[in-house]
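Take a look at the structure below.
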Amino acid sequence: MTTPDPERHPPLHAPRKLKLATVSLAGCFGCHMSFLDLDERLLPLFELVAFDRSPLTDIKTLGHCDIGLIEGGLCNAENVHLLREFRAHCHTLVAVGACAINGGLPALRNAMDVGQILRDVYVHQTGLGAHSQVPNDPELPLPLNRVHAIHEVVHVDHVLPGCPPSADAFWELLTAIMAHRAPELGPRLMHYD
Ligand code: SF4
Numbered sequence: 003m004t005t006p007d008p009e010r011h012p013p014l015h016a017p018r019k020l021k022l023a024t025v026s027l028a029g030c031f032g033c034h035m036s037f038l039d040l041d042e043r044l045l046p047l048f049e050l051v052a053f054d055r056s057p058l059t060d061i062k063t064l065g066h067c068d069i070g071l072i073e074g075g076l077c078n079a080e081n082v083h084l085l086r087e088f089r090a091h092c093h094t095l096v097a098v099g100a101c102a103i104n105g106g107l108p109a110l111r112n113a114m115d116v117g118q119i120l121r122d123v124y125v126h127q128t129g130l131g132a133h134s135q136v137p138n139d140p141e142l143p144l145p146l147n148r149v150h151a152i153h154e155v156v157h158v159d160h161v162l163p164g165c166p167p168s169a170d171a172f173w174e175l176l177t178a179i180m181a182h183r184a185p186e187l188g189p190r191l192m193h194y195d
């Protein structure tokens, strides 16, 4: 583990621990993995931030939070429900990564009919059993006709572009929010590879 460069990563200061919640909707968890690339900077961050609901904690219920990080867009009804819950509980909501901002890769299906896609996959594809059907169980979230960006449904306070955003971009965003200033996400922090 390397020591953080104090000039590039000055110590954080905050009057109390902020509550942070994260979720992956129609995403691939790549944005969450990039967040973990903060590596040694996670230690000073954890001094100032307490995690609420997040795949990183496995907490399933959402309390009132200062910051909500949303990975992924909206591809089904459960995504919409979760997003609205985050909006209701989080003071500051951030669209993290291309999928949350514009639908990303899952939105490629928007050019096709979702019913036809399901029939092609579960009914017509070669190699399926004779009675294969499209799954239709109340436990399964209802697919939306189109994949939507999250700003189409709720107000978003900040966007963190990239696929995924770099760890440095996460750091800049979180330290800026804690310092009550606008994040400075210049070209150095933008990654689309
Ligand atoms: Fe995955 Fe990229 Fe979408 Fe993040 S933006 S969830 S890394 S595909």
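Whatever position you read off the sequence shown (first residue = 1), add 2 for my numbering.
By construction, the Cβ of each residue, glycine as well, lies at the ideal position given by its N, Cα and C atoms.
Spatial neighbours of ILE72 within its chain, please: CB distance less than 7 Å, with the 5 preceding and 5 following residues excluded, ordered by chain position.
-> VAL25, LEU27, LEU85, PHE88, LEU95, VAL96, ALA97, VAL98, ALA102 and ILE152
Which two residues bound the contiguous beta strand (DSSP E) that contains ILE179?
-> Not the beta strand (DSSP E): ILE179 falls in the alpha helix (DSSP H), residues 169–180.
Residues that DSSP places opposite ASN78 in a beta bridge | PRO145
In angstroms, rounded to a whole number, what distance separates the CA positions of ASP41 and ALA23?
-> 19 Å
Whole-angstrom Cβ separation of CYS92 and GLY70, contact assumed at under 8 Å?
-> 3 Å
Among the residues of its own chain, which have a CB less than 6 Å from the CB of ALA178, if the five just before and after it don't count?
-> PRO185
In the DSSP assignment, find the unbroken alpha helix (DSSP H) run with PHE48 in it and report its ends.
-> 44–50
When TRP173, LEU146 and MET114 are compared against HIS34, the one with the closest alpha-carbon | TRP173
Skipping 5 residues on each side, what residues in its chain have a beta carbon closer than 7 Å to that of VAL82?
-> LEU76 and VAL155
Is DSSP giving LEU95 helix, strand or coil here?
-> strand
For VAL51, does the count of other Cβ atoms within 10 angstroms reach 16, so buried, or fall short, so exposed?
-> buried
Sequence-distant residues of its chain with Cβ nearer than 8 Å to ARG18 (five each side left out) = none
For SER36, does the three-state DSSP call read helix, strand or coil?
-> helix
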